[in-house]
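Reviewing the structure listed below.
Protein chains in written order, with our numbering: chain A, -2 to 61; chain B, 60 to 370.
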């Protein structure tokens, strides 16, 4: 599974099926501060991800 | 937590069988792309109606930074406005002069107003005070948000008056409002905590309305994303100097663990506001002796700042 982080860095993660929420928890990211897409479609934290999914984490907090 | 699963391992919308795009922890429900759009627009319409924020014939000046909140505000108001006969919009962008930041958001604001057919005016700190923010902040970076906030408010108010607006709408969301309540409490600033310039209509000042004040920041981002309107824009380089940055992280942590925290903070502020109505803590409204703007003392914040900057 490829995970594109808010800073555009890419992390390849080999892991069993888990949810978006557990992934964010592992990465230390508050789910309220980001939106997450799986293969281009927005998904909530309870969505199960894994395999060849491409996960993009987008930071939404915007100062100014 | 139990939920129905859509093909692909995701939950489905509480209103239909489509895959969900967001979970609303306070309501404990999932919504799909179409229903989050309807839900956000319905709640904004309800906020506007309940508070009487817009009237027939109003000309609403929308503070449009080009970021997500003001973008959502302009999109929603342009859709809702036909409900108020004769009401119109003018978008106002304030160019503070922040290198590497504002150019991109101004371009986004121009594209959006062009697409929506909304009149767009751009005003700058250079027009207002003779220098851009980067220059004004030389040796004062830790005061960035205070200085910028005062000048931005002044520039927006002046531009709205020039444009003949009857109210100013800003894109403050629920997170912003809750952060402000906590920041004012942390500063011990009761008058600012209970100030509400959106109350009533007065000849003294243009009412400032916040139609997105009940919508969490995340829902605004999702509202835009599912309509192809969300852009990843640069973050203001001065954000790290703000008290708000720390408060934002702390509150988001509480909200994640205890959904409803932000809403409770804002509701408590309204209760305090009602208790303080008509008491001396509200203070009297004066006119600034230099520019004539309404203020709480002899000089308004913008004129005091102008003096301290030697302008």
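Beta carbons: idealized from backbone N, C-alpha and C, even for Gly.
Given the structure is predicted, the values throughout are model-derived calculations rather than measurements.
Is it buried or exposed, residue i, if we count other Cβ atoms within 10 angstroms and call 16 or more buried?
i, result
"residue 282/B", "buried"
"residue 186/B", "exposed"
"residue 200/B", "exposed"
"residue 98/B", "buried"
"residue 232/B", "buried"
"residue 258/B", "Any answer about residue 258/B is weak, because its pLDDT of 46 lies below 50 and its placement is not dependable; what the coordinates show is given next. By the neighbour-count rule (16 or more Cβ atoms within 10 Å), residue 258/B is not buried but exposed."
"residue 330/B", "exposed"
"residue 245/B", "exposed"
"residue 334/B", "exposed"
"residue 76/B", "exposed"
"residue 309/B", "exposed"
"residue 196/B", "buried"
"residue 316/B", "exposed"
"residue 23/A", "exposed"
Under the three-state reduction of DSSP, which class applies to residue i: helix, strand or coil?
i, result
"residue 178/B", "strand"
"residue 22/A", "helix"
"residue 199/B", "coil"
"residue 328/B", "helix"
"residue 367/B", "helix"
"residue 148/B", "strand"
"residue 258/B", "Confidence at residue 258/B is low in this model, with a pLDDT of 46, below 50, so the placement of that residue should be treated as unreliable; the coordinate-derived value is given next. Coil."
"residue 137/B", "helix"
"residue 70/B", "strand"
"residue 131/B", "helix"
"residue 76/B", "coil"
"residue 188/B", "helix"
"residue 119/B", "strand"
"residue 46/A", "strand"
What residues are listed by DSSP as bridge partners for residue i?
i, result
"residue 354/B", "345/B"
"residue 51/A", "-1/A"
"residue 279/B", "The partner list for residue 279/B (beta bridge, DSSP) is empty, contrary to what the question assumes."
"residue 82/B", "89/B"
Using a Cβ-Cβ cut-off of 7 angstroms (strictly less than) and excluding sequence neighbours within five positions of residue i, which residues of its own chain qualify?
i, result
"residue 131/B", "230, 271, 279, 282 and 283"
"residue 127/B", "279, 280, 283 and 289"
"residue 158/B", "193"
Output needed for residue i: all residues of its chain with C-beta closer than 6 angstroms, excluding positions within five of it in sequence on either side, in chain order.
i, result
"residue 354/B", "345 and 347"
"residue 175/B", "137"
"residue 58/A", "30"
"residue 119/B", "148, 226 and 228"
Exercise. Contact between the region 230 to 237 of chain B and the region 271 to 279 of chain B: three or more CB pairs below 8 angstroms?
Worked result: In short, these stretches touch, since the Cβ pair count reaches three.
Exercise. Per the contact definition of three or more C-beta pairs closer than 8 angstroms, is the region 240 to 248 of chain B in contact with the region 196 to 210 of chain B?
Worked result: Output reads no: the region 240 to 248 of chain B does not touch the region 196 to 210 of chain B.
Exercise. Is it a yes or a no for the region 34 to 44 of chain A touching the region 3 to 13 of chain A, going by three-plus beta-carbon pairs under 8 angstroms?
Worked result: Verdict: no, contact absent.
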